[in-house]
Amino acid sequence: MNKLFKIAKATVLSVVLALCLHSQALSRNAQQQPVASGDTVWVVVNHVKPDIREQFERFVYETFWPASKKLNSNAQRAFNHTRVLNPVGPEEDGTYTYVFLMDPVISGEDYHIDSLLRKMYSEQEANAYYKQFEETLARGGEVYVVVQSQLLGGRANR
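Numbered according to the UniProt record's numbering, the sequence shown spans residues 1 to 158.
#1: Let me confirm a value: V88 is counted as buried when at least 16 other C-beta atoms fall within 10 Å, else exposed. Which label applies?
#2: Give me the Cα-Cα distance between F100 and Q150, rounded to the nearest whole angstrom.
#3: Use the C-beta contact count for N46: other C-beta atoms within 10 angstroms, 16 or more gives buried, fewer gives exposed.
#4: Taking all protein chains shown into account, do 16 or more other C-beta atoms lie within 10 angstroms of the C-beta of H112, making it buried, or fewer, making it exposed?
#5: With a CB to CB cut of under 6 Å and the five nearest residues on each side skipped, what residues in its chain are close to Y130?
#6: For T95 versus K49, is the C-beta spacing smaller than 8 Å?
#7: Let me check understanding here. Comparing Cα to Cα, which of A138, S122, K70 lies closest to I52?
#8: Helix, strand or coil for N127, going by three-state DSSP, please let me know.
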């Protein structure tokens, strides 16, 4: 009887834990807009110098992204719909390619790093941070403007 009680108790706790985790996942998904066919997506490619890529990562992860909390809720929403993809290794020319994916682009929001920095920091700090960012780039980046197709995750998205 005691063993049966322990099994039942463990089962109930497992179910409660699973429900809590499922509820958290649903809550996160509810806060994000669903992706829809026709949404505009920006793909921004940055080629970073190999000898100072740590400076680029520090800028993105320690200076730029955390300071987005100083912005208004609409601008923060744009950050929440932006992903940063890190390289797995160097390109043939030795540079490292970092990709910013704005998915979807929030219409009317500012995505320019220099002007966002001025909203987050004093003019002097913003200029210094932007200079640090620019000096990490090996060359000009590329920007691709695309739209979400009807296919999403292997299924039609209409």
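Every residue, glycine too, gets a C-beta built ideally from N, C-alpha and C.
In brief:
#1: Translated into the one-based positions of the sequence shown, residue 88 becomes position 88. Burial state of V88 is exposed, judged by a 10 Å Cβ sphere holding fewer than 16 other Cβ atoms.
#2: The residue labelled residue 100 in the question sits at position 100 within the sequence shown. The residue labelled residue 150 in the question sits at position 150 within the sequence shown. Distance between the alpha carbons of F100 and Q150 is about 22 Å.
#3: Translated into positions along the sequence shown, residue 46 becomes position 46. Around the CB of N46, 16 or more other CB atoms lie within 10 Å, so the residue is classed as buried.
#4: Walking along the sequence shown from the start, residue 112 turns up at place 112. It counts as exposed.
#5: Stepping through the sequence shown from its first residue, residue 130 is reached at position 130. If we look at Y130 and ignore the five residues flanking it on each side, its Cβ neighbours are D114, L117.
#6: The count along the sequence shown starts at 1 and reaches residue 95 at position 95. The count along the sequence shown starts at 1 and reaches residue 49 at position 49. Between T95 and K49, the C-beta gap is smaller than 8 Å, which places the two residues in contact.
#7: The sequence position of residue 52 within the sequence shown is 52, counting from 1. Ranking A138, S122, K70 by CA distance to the CA of I52 puts A138 first.
#8: Along the sequence shown, read from residue 1 onward, the residue named residue 127 stands at position 127. Helix at N127.
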